[in-house]
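Chemist: One structure, pasted below without further comment.
Protein chains: 2
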Amino acid sequence: MSSLDALFSPCSIAVVGASERPGSVARAVMENLRCFPGDIYPVNPRRAEVCGLPAWPSLGGIGRPVDLAVIITPAASVAGVMAECALAGVKAVVVISAGFKETGAAGEQMEREILAEARRAGIRLIGPNCLGVMVPSAGMNATFATRMAVPGRVAFLSQSGALGTAILDLSVTEGTGLSAFVSVGSMVDVGWGDLIRYFGDDPGTDSIVLYMESVGDATTFLAAAREVAVRKPMVVIKVGRTAAAARAAASHTGAMTGSDAVFEAAMTQAGVLRVETIEELFDMAEVLAKQPLPRGPRLGIVTNAGGPGALAVDALVARGGEVAVLSPETLARLDGVLPPHWSHGDPVDVLGDADAARFSQAVQWVAEDDGVDGVLVVLTPQSMTDPVAVAAAVAAVGRVPGKPLLCSWMGGDAVRDGRRVLNDAGISTHDYPDAAARVFAAMWDRRCRLAWLEETAAGAAGAAGGCEIPDEAQRVLREARADGRLLLTEAESKHILAAWGIPVVETVVAVTMSEAVAAAERFGYPVVLKLHSVTITHKSDVGGVRLHLETAEAVRRAWGEVEAAVAPADFGGVSVQRMVASDGVELILGAVIDPQFGVVMLFGAGGTMVEVWQDRVLALPPLTRETARRWMAGPKIHRALLGIRGRPAADLEALTDVMVRLSAMMLAMPSLVEVDLNPVVATARGVMVLDARMVLAPPVELRPVVA
Amino acid sequence: MSSLDALFSPCSIAVVGASERPGSVARAVMENLRCFPGDIYPVNPRRAEVCGLPAWPSLGGIGRPVDLAVIITPAASVAGVMAECALAGVKAVVVISAGFKETGAAGEQMEREILAEARRAGIRLIGPNCLGVMVPSAGMNATFATRMAVPGRVAFLSQSGALGTAILDLSVTEGTGLSAFVSVGSMVDVGWGDLIRYFGDDPGTDSIVLYMESVGDATTFLAAAREVAVRKPMVVIKVGRTAAAARAAASHTGAMTGSDAVFEAAMTQAGVLRVETIEELFDMAEVLAKQPLPRGPRLGIVTNAGGPGALAVDALVARGGEVAVLSPETLARLDGVLPPHWSHGDPVDVLGDADAARFSQAVQWVAEDDGVDGVLVVLTPQSMTDPVAVAAAVAAVGRVPGKPLLCSWMGGDAVRDGRRVLNDAGISTHDYPDAAARVFAAMWDRRCRLAWLEETAAGAAGAAGGCEIPDEAQRVLREARADGRLLLTEAESKHILAAWGIPVVETVVAVTMSEAVAAAERFGYPVVLKLHSVTITHKSDVGGVRLHLETAEAVRRAWGEVEAAVAPADFGGVSVQRMVASDGVELILGAVIDPQFGVVMLFGAGGTMVEVWQDRVLALPPLTRETARRWMAGPKIHRALLGIRGRPAADLEALTDVMVRLSAMMLAMPSLVEVDLNPVVATARGVMVLDARMVLAPPVELRPVVA
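First to last, the sequence lines map onto chains X and E. The first sequence begins at 1 in my numbering and counts up by one. The second sequence begins at 1001 in my numbering and counts up by one.
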């Protein structure tokens, strides 16, 4: 028995704080548990009976094994109840009671106490401040929601209880079945990682849907998601895309929400599908659970009207899908059953007077075409149309192994019964054909991601292994620390990069004008002069960069200009380097430490226009060569790397190499909290870092650990 | 009586081709017309009675005035029926019959014939190949759709009959009322422009919704849209966003679909709201018809659950809306009625146990706050929630003049009755709070566009006035024409620009190496050499551009390299110009002729990376200074124009001037079919065109006009 089995398949449930008071949460829980086939023990010292069941004065008095205790007593009493649970041998607990962290410091302290009790006794705990737990197929509804979900194969994990009630109501109305509903509450103990692993292993669950306000323990969550997403579709909606929304969520749960772009990158790498609307959340979860993933992007569309077909094509192509090209054989077969003026291609317009036989015959032949990876059937209720008969006929013939079948019966009352016929046959329906086409494109996207996940999983494990820190890099860090500096100079940053084997343009620090000229003469003209400063990091912004210097005189003039541009305290001389020819593509590579997800790497268009284009992608290391190559293709600047306007392609292998080395460096040197390489110039001849800045973490102060 | 009144408010209707045959289109029309309060005359020479009404052998035999004839006879007979209509004094005609243009050349010829008959008799005609026309408030359903829409204030014009049937069915189910439904069919006579003007003037119509596959007569459509969109919201969904979808639409209607980006630009300038999904189409139409436009972007959200509120904030901010900052007075009032741990800000979380009084009191106070431009109320069905009572209370207090009120009662069966209460009170409801927030943001967007439309309408009228073509520009065109060339050289293109007062860098054509050196000496170094060719237009791509030439020797070497790069026939010497300092922002300005919308101007990021960034906006001239300024702010490169990294802002007035002059030039010189100015460099010192290419229209051959 897994440690969470007592939560989701208990044989006996105690309800601590059970009550009959009308309108109370406790009464709602008691009523919802009425269908539970196992033993129910209401615990209430002031009542002999609750809701028709004998009540027990205390957990200890029950005298029989209790798998799960549902606690609905006031917050201040919960720690005490937890201690009783430990004595009574309760295996798992759901704390529905609110009034903890979300109410302030005192509540937070109570939360720590109940967690300590749970840990001491080895009890797993969901909540506090949650709606409860529901397992429809087991007849178990340990929530105070007003409805029980219909049994099904989607596990729904929600960080908002109220949103959960709305979704439950909707899923009952629309017949979307759930394998479990878990309101996670404050997640003091059982969190995303535990639940994802549990339902990843649950044979009754085909897909997992998450409504998320905060990530919580990101490492555990990511590890579980990476492991499970390969086997089962995971779909997440996360609030906090915008800073304003993050504030709203924070004031609601008292939890911090991390940077949205980092979350997005983490989901992409873990193979989790992120959606933006609640509607998409359930559309996707249902389809992914019911239908196979397509093996290609080509959708065959069979419709009894041209307009809806065209709308579907628009949506399909916009999301990366393709319109199928039907084979001559399929076209000939269709010619045999369709009226002469059918559309003679995909979308297949079977025309407004199509009956069930014509419609379903066309669906079958399109589905059987080797050039078709999935089928969308669109019906509009025209005067000759029988939506129910068409639904039955399509359900009978349309499923070809390995190819998803999506249906959109458009309209209201006229198509309601037809939709039900399709749903009963296990075919999910979509209100609009464009929405269905988007779902197909998302399914193809998921297939692509899975392939990527699988092929890189092994490599990533290898790449994560600890690298030796080069001595030279260690030395630079030590010296800066000894100086009490957190900001490394350009020259120091380049030393570290060079020590890791990342090509940098050779840079000499000159503290006098004549040293600068000497360096320039050694490199050969033209050269670049840049401000050397231990205080100023964005040199361009203060006029601290002089390019295209062709003579010693120009170097001397530039020295004077740079010196004049800043305060004496900020001027530590200049760095001199040769002027690299401007025929390359300017890139940015960087890394920062995210408080939740750790090291986050950045790649995109570099140079002074970096803020204008904002053309960048994020990734979590370790990067293998394979992931680096895929990552590289993300931003628009990738197109320039492939060669434009007669310019040859850049050396992508060299760029891959730099990315992998940067990933290894960031993992090996955790004291680097910010690394910014801009510009990095890529040409056919290689890749070179022209400018670099690095920031160190402040020294760690040892503080007493708060228990 | 407007020329279309006979179509939409006829006193008498003849049905030519009336029939009782079960399942026939004609029978469906007869049954649908049963509720029409005026006179119905079935015309069928083989029957004495059709569907209980006396039938007439011919239109001429009726002997009483016929306002509208609905024609359902075979295609080949329709021209003859039209002739009868003319003799019988019929004022308007709806041709439902199919089998015209969409079947090929013969059908197209028949279509021309029925149009000729209509024009001859002054009869306005809708169709052919359409579903018909419906005016619910008049009890008129001259379609073969299976349902009559409920009366309302949205006019729905659809180019797909079948999609129309689905939407009608849905609108009945959801209670969305229509003032009219028009299936436009092939639009041989009555087109978008006529219908938009008609419903623009119709007092029973508050908003106009279009499902569009082809624009048809773009000039008429645009003129009508510009005129009406200022007064009434217009929402359009147009298929053909993608080339593949355009193909699907073309095979369906036989109509051409223009470039989608041009259509988008035209809609933006006309003030028409374009949506991407059918769901949005009706959401927007309904809300715009029922609710005032907000005066600002600040949405107040009142919710009984935090999660849905956070989702709404995400959607709101992503679309340009803002979370309202509540005044201290409002916060104090809310403190008085809400439990202590309410959210103390927007979104206002009234908490899960909120009853109708608490909920509606919060809504009222938020709505009354001067810092709130609109209110969204979100309800989730929690155990203590009464969705109907809250709906009634909110409907009673929530409407503040000038501020839209949107509601999202989340869930299925549990909230159905509550939604109905809101709908009955004239408040539109949305299934999901994020969708409602997007609608609010779109309403604010529309308000902004209206302001823009109004302030520029007067200026545009002035700017459209014909400009004199400068003599020098005429001369260049004449010479190229005399040479039989359609492609102008860089030097010629710059001459034309200069003649229009657009600053160009001075460029000298050198046909010998020594001429090139002499020109360079005159300009002073560094200079640029470019291939001069009457055949090759993209000079960079063939290695025909040499920058940064510092000496006479470098000029001679560059001459040799450019000459060697192309075939002798393509080499006409070089153009020489001084090298402009590279501290400016590289832009592209251009114009092409769109087959439907005429001149289309383009502005965006220029240089060799133009295809990488694809950072561009389109506009239809004439541009006033005001529209040019707004247009300029569209692409990302605008941020660079405002000054980045210590670089001063570019001279935006000079750029505005160039845009307005280019607009005037394009309108005055219609033989310029392609103009490409790239790069145009903008600095604080002004704007200068560094390279230019122009293409002329082929000479017009006089062909006999086909009648």
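Glycine included, every Cβ here is placed at the ideal spot set by N, Cα and C.
Which bits of chain X does M998 (chain E) rub up against, with CB to CB less than 8 Å?
Modeler: This structure leaves residue 998 (chain E) out entirely; chain E is present only between 1001 and 1707.
Chemist: Are the CB atoms of L1007 (chain E) and I1123 (chain E) nearer to each other than 8 Å?
Modeler: no
Chemist: Could you name each continuous alpha helix (DSSP H) segment of 4 residues or more that falls completely within the region 1263–1337 of chain E, going from the start of the chain to the end?
Modeler: Runs of the alpha helix (DSSP H) inside the region 1263–1337 of chain E: 1278–1290, 1306–1318, 1328–1337.
Chemist: What's the C-alpha gap between A552 (chain X) and M1669 (chain E)?
Modeler: 53 Å
Chemist: Ignore the nearest five residues each way along the sequence and tell me which others in G1721 (chain E)'s own chain have a CB closer than 8 Å to its CB.
Modeler: This structure cannot speak to residue 1721 (chain E), because chain E is shown only from 1001 to 1707.
Chemist: Counting C-beta neighbours from all protein chains within 10 Å, is the total for S1514 (chain E) 16 or more, i.e. buried, or is it exposed?
Modeler: exposed
Chemist: Would you mind giving the Cβ-Cβ distance between V1388 (chain E) and V1363 (chain E), rounded to the nearest angstrom? I have them listed as a contact below 8 Å.
Modeler: At roughly 16 Å, the Cβ-Cβ gap does not stay under 8 Å, so V1388 (chain E) and V1363 (chain E) are not in contact.
Chemist: Quick check on DSSP: helix, strand or coil for E550 (chain X)?
Modeler: E550 (chain X): coil per DSSP, three-state reduction.
Chemist: Assuming T624 (chain X) is part of the beta strand (DSSP E), what are its boundary residues?
Modeler: That residue, T624 (chain X), is in no beta strand (DSSP E); it is neither H nor E in DSSP.
Chemist: Using a Cβ-Cβ distance cut-off of 8 Å, determine whether Q1596 (chain E) contacts chain X.
Modeler: no
Chemist: Quick one: what does DSSP say C685 (chain X) is sitting in, helix, strand or coil?
Modeler: It should be noted that the sequence gives Arg, not Cys, for residue 685 (chain X). Three-state result, R685 (chain X): coil.
Chemist: In this structure, does DSSP put V363 (chain X) in helix, strand or coil?
Modeler: helix
Chemist: Comparing C-alpha positions only, which one of X:L281, X:T512, X:A116, X:C85 sits nearest to V154 (chain X)?
Modeler: X:L281
Chemist: Below 9 Å on C-beta distance, what does V1363 (chain E) contact in chain X?
Modeler: In chain order: nothing, as chain X lies at least about 17 Å away.
Chemist: Which class does T429 (chain X) belong to by DSSP, given the choice of helix, strand or coil?
Modeler: strand
Chemist: Alpha carbon to alpha carbon, how far is L1696 (chain E) from L1477 (chain E)?
Modeler: 8 Å
Chemist: Have a look at T385 (chain X) and A354 (chain X) and give me their C-alpha separation to the nearest angstrom.
Modeler: 7 Å
Chemist: Check whether the region 678–698 of chain X touches the region 475–492 of chain X, taking contact to mean three or more Cβ pairs, one atom from each stretch, closer than 8 Å.
Modeler: Yes, since at least three Cβ pairs between the region 678–698 of chain X and the region 475–492 of chain X fall closer than 8 Å, the two stretches touch.
Chemist: Establish whether the CB of M1410 (chain E) and some CB of chain C are separated by less than 8 Å.
Modeler: No chain C appears in the structure shown, which is made up of the protein chains X and E.
Chemist: Shortest alpha-carbon distance to R1578 (chain E) belongs to which of E:M1148, E:Q1382, E:V1517?
Modeler: Minimum Cα distance to R1578 (chain E) is reached at E:V1517.
Chemist: Could you give the distance in angstroms between the alpha-carbon of I237 (chain X) and the alpha-carbon of A564 (chain X)?
Modeler: 53 Å
Chemist: What do you get for Q159 (chain X), buried or exposed, if any count of 16 or more other CB atoms within 10 angstroms of its CB means buried?
Modeler: buried
Chemist: Taking 8 Å as the CB-CB cut-off, is R34 (chain X) touching chain E?
Modeler: no
Chemist: Starting from the beta carbon of P1381 (chain E), find every residue of chain X whose beta carbon is closer than 7 Å, and list them in chain order.
Modeler: Residues of chain X passing the Cβ test: T146, T165, A166, D169.
Chemist: Anything in chain E within Cβ reach of P308 (chain X), meaning under 8 Å, just list it in chain order.
Modeler: For P308 (chain X), the residues of chain E that pass the 8 Å Cβ criterion are S1160, A1162, L1163, A1166, in the order they occur in the chain.
Chemist: Please go through the same chain and pick out, in chain order, the residues whose beta-carbon is closer than 6 Å to the beta-carbon of G300 (chain X), but skip the five residues on each side of it.
Modeler: The answer, listed in chain order, is A324, D346, V366, V372, V375.
Chemist: Closer than 7 Å, Cβ to Cβ, to anything on chain X: give me those residues from the region 1602–1615 of chain E, in chain order.
Modeler: For the region 1602–1615 of chain E, which is checked against every Cβ of chain X, the residues closer than 7 Å are T1608, M1609, E1611, V1612, W1613.
Chemist: Between E:L1547, E:V1542, E:M1665, which lies nearest to I644 (chain X) when the distance is taken from Cα to Cα?
Modeler: E:V1542
Chemist: So, at 6 Å on beta carbons, what are the nonlocal neighbours of L1547 (chain E) in its own chain, with the 5 sequence-adjacent residues on each side left out?
Modeler: V1528
Chemist: Quick one: what does DSSP say I995 (chain E) is sitting in, helix, strand or coil?
Modeler: Past the boundaries of the shown model lies residue 995 (chain E); chain E is included only from 1001 to 1707, so the question cannot be answered.
Chemist: In chain order, what residues of the same chain have a beta carbon less than 8 Å from the beta carbon of E1472 (chain E), not counting five sequence neighbours either side?
Modeler: H1495, I1496, A1498, A1499
Chemist: Suppose you measure from the CA of T176 (chain X) to the CA of M1140 (chain E); what does that come to, to the nearest Å?
Modeler: 40 Å
Chemist: Taking CB distances under 8 Å as the criterion, tell me whether G1352 (chain E) reaches chain X.
Modeler: So, interface residue.
Chemist: Between the beta-carbon of V617 (chain X) and the beta-carbon of F603 (chain X), is there less than 8 Å?
Modeler: yes
Chemist: What three-state label does DSSP hand Y1041 (chain E) in the structure shown?
Modeler: strand
Chemist: Taking contact to mean 3 or more Cβ pairs, one atom from each stretch, closer than 8 Å, check whether the region 1019–1027 of chain E and the region 621–630 of chain X are in contact.
Modeler: no
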